[in-house]
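Participant:
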Amino acid sequence: MNTIDKIQSSDINLGLLLETLAASRNLPLVFRYDGLPMKPGYHVTEVKVGQFSALGCGANAEAWAAIVSKVSEHVRLDGSAKLTFEISDGVQPIQLYCASTPIISGGALDVELVRRSVSCKPRDRWLAEQAQAAACCGSSTAKCCG
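If you read the sequence shown in the UniProt record's numbering, its first letter stands for residue 1, the second for the next number, and so on.
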């Protein structure tokens, strides 16, 4: 199984992106958003490494690292960090995107950027627990593993 096979998410982390780029270093990297490739000549205006702490709507403390890549030679990076891309075409306001599964297409490594939506962290945790319980025991109506 190669790196690309292991990535099965619409919100990959920095480590998986860097690992995939290393495994595909001879391919051009193409970012796509809103169904179109990013225009040639785009530039990276800023790379951030940040640690965030917050209080979520469920009164739970949250902490996460946010990193936008290409700075690993200069700053120690956490491979589990979420990627957030801020994109504007110079006319529309900045929008937030996350990176989907990189795929090889047409001789390039394509990374689809998907708009990042707001989420309710307690709901997200509950959904993850439900998915884990279903994976363990079958459907949610079935009796558990005993």
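No residue lacks a Cβ here, since even glycine has one placed at the ideal position from N, Cα and C.
#1: Take the Cβ of I94 as the centre, count every other Cβ of all protein chains shown within 10 Å, and call the residue buried at 16 or more, exposed below.
#2: Can you round the beta-carbon distance between E86 and L96 to whole angstroms, since I take them to be within the 8 Å contact cut?
#3: Of the residues D89, P102, A131, T20, which one's Cα is nearest the Cα of Y42?
#4: May I have a chain-ordered list of the alpha helix (DSSP H) segments no shorter than 4 residues that lie completely inside the segment 98-132?
#5: Using the beta-carbon count (16 or more within 10 Å), is I67 buried or exposed?
#6: Tell me which same chain residues have a C-beta within less than 7 Å of the C-beta of P37, skipping the five on either side of it?
#7: Would the beta-carbon of K121 fall within 8 Å of that of N13?
#8: Give the range of the alpha helix (DSSP H) segment to which L29 is assigned.
Facilitator: Working from what's here:
#1: If you number the sequence shown from 1, residue 94 lands on position 94. The residue in question, I94, is exposed, as its Cβ has fewer than 16 Cβ neighbours within 10 Å.
#2: Working through the sequence shown from its first residue, we reach residue 86 at position 86. Working through the sequence shown from its first residue, we reach residue 96 at position 96. E86 to L96, Cβ: 6 Å. Contact.
#3: Residue numbering aside, residue 42 sits at position 42 when the sequence shown is read from its first letter. Comparing Cα-Cα distances from Y42 to each of D89, P102, A131, T20, the minimum goes to D89.
#4: none
#5: For the purposes of this step, residue 67 is taken as the residue at position 67 of the sequence shown. In this predicted model, I67 has a pLDDT of only 42, less than 50, meaning its place in the structure is not dependable; the value taken from the coordinates is given anyway. Buried, because 16 or more other Cβ atoms sit within 10 Å of the Cβ of I67.
#6: Mapped onto the sequence shown, residue 37 falls at position 37. V30, listed in sequence order.
#7: For this step, residue 121 is matched to residue 121 along the sequence shown. For this step, residue 13 is matched to residue 13 along the sequence shown. No, Cβ-Cβ distance for K121 and N13 is not below 8 Å.
#8: If you number the sequence shown from 1, residue 29 lands on position 29. Note, L29: premise wrong, no alpha helix (DSSP H); beta strand (DSSP E) at 29-33.
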